[in-house]
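Beneath this line is the structure, given in structure tokens, with notes to follow.
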Ligand code: KG4
Ligand code: ZN
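Written as structure tokens, this is what we have:
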């Protein structure tokens, strides 16, 4: 079964063709990041307008790159939420119209479930059940994934998402948007142990997160040290990153032990952070827990993961009805 996936929840317009939920025939991503970077973050109104311009050429390219015509598509999967309403509406309405015109089944995909499915596109994917962390600019959610359709939310952030903390710290340091890749690069040159920033672990057994205290602590440090040279800046980046990685790793291992799972998967924009991947692998290895992370091309927003999730929904007859609308906040 060949599925066309469509994603437009934030600042990437993406389309992909995936066969049998596993084989990526094409994946096209039109990123708006350079436009939003000028404003220090995503401007929703601009995002919607740019999605409208990009959606048709991106879908055309995905179908063309797959070496097929639209006639070969067996089903369509589009992100229904969570995300920016105006942005979601562009991709979802496009998908609805295409599905209706071609009489194809349509799956309305949850973006967070789709990020977890980016792990199932790996050559050697995790086996059910496993623990999954979706960690991006908008979310820091830990799930117990018992089956292809069961996602139990074990913990989430109570304030900022981890990616958001990277973006805010980068902004404070005048390093631009998005912050994750810049902070990671800078941190590589720094000493993660020189400045000890706080790690918020919350209640003893909690699997929730809080990153706002860490963010304030970094802000305070920058305020008190206005004349930092490059080496000191690198130490701030490394110290901040180490605090985020420490908390994420501890909670993930706690979740795996609690649920007696020997597999942890991480997905979403922050899972592109190689320092995090390596540290988590090291720590999880001590507990004989295996770590899975997507290739860089599938860490950020993409439509291959939407098609992969949509495939299982369509196969399960979990289809979208014409009255279904997009949603901004997740129910899982
Ligand atoms: O999944 P994603 O592309 O979009 C959302 O759904 O939010 O994630 C974007 C987030 C941004 O906050 C960005 O700073 C962060 O992922 N990010 C990183 C890295 N690359 C991207 N954070 C830490 N280290 C990275 N290398
Ligand atoms: Zn995302």
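In the working numbering, the protein residues as written are 3 to 334. Cβ coordinates follow ideal geometry from the N, Cα and C atoms, glycine included.
query, result
"Nonlocal neighbours in the same chain, by C-beta distance under 6 Å from residue 134, ignoring five residues either side", "118, 145, 147 and 267"
"Under the three-state DSSP convention, the category residue 278 falls into", "helix"
"Closer than 6 Å: residue 208 CB and nearest the ligand KG4 heavy atom", "no"
"Cα-Cα separation, residue 54 to residue 92", "6 Å"
"The alpha helix (DSSP H) enclosing residue 336, as first and last residue numbers", "Examination of residue 336 is not possible in this model, given that the chain is present from 3 through 334 alone."
"Same chain, Cβ closer than 8 Å to residue 12, neighbours up to 5 away in sequence not counted", "44, 49, 85, 86, 89, 139, 140 and 303"
"Proximity test, residue 178 beta-carbon vs the ligand KG4 heavy atom, cut-off 6 Å", "no"
"Within 5 Å of the ligand ZN: residues by beta-carbon to any heavy atom", "138 and 303"
"Residue of 61, 41, 130 and 34 minimising C-alpha distance to residue 51", "34"
"Same chain only: Cβ atoms within 7 Å of residue 402, ignoring 5 sequence neighbours per side", "The requested residue 402 is not part of the displayed model; the chain covers only 3 to 334."
"When 19, 213 and 287 are compared against residue 159, the one with the closest alpha-carbon", "213"
"Cβ-based neighbour list, residue 244, same chain, cut-off 7 Å, excluding 5 preceding and 5 following", "194"
"Residue 298 vs residue 107 beta-carbon contact at 7 Å", "no"
"Which of helix, strand or coil DSSP assigns to residue 191", "coil"
"Alpha carbon of residue 189 to alpha carbon of residue 74, nearest angstrom", "47 Å"
"Any non-hydrogen atom of the ligand KG4 within 6 Å of residue 168 CB", "yes"
"Closest residue to residue 111 among 181, 105, 77 and 60 (Cα-Cα distance)", "77"
"Contact between the stretch 285 to 299 and the stretch 115 to 129 (3+ Cβ pairs under 8 Å)", "yes"
"Sub-7 Å separation of residue 114 and residue 332 beta-carbons", "yes"
"Whole-angstrom distance between residue 229 and residue 312, CA atom to CA atom", "51 Å"
"Span of the beta strand (DSSP E) around residue 292", "292 to 294"
"Between the CA atoms of residue 192 and residue 156 - distance to the nearest angstrom", "33 Å"
"Check: residue 23 C-beta below 6 Å from any heavy atom of the ligand KG4", "no"
"CB-CB length for residue 39 against residue 178, believed under 8 Å", "6 Å"
"C-alpha distance - residue 203 paired with residue 242, whole-angstrom precision", "15 Å"
"Proximity of residue 200 and residue 216 at Cβ, strictly below 7 Å", "yes"
"7 Å Cβ shell around residue 197 - same chain, five flanking residues per side excluded", "223, 237, 238 and 241"
"Inter-residue CB distance, residue 9 and residue 308 (contact presumed, cutoff 8 Å)", "5 Å"
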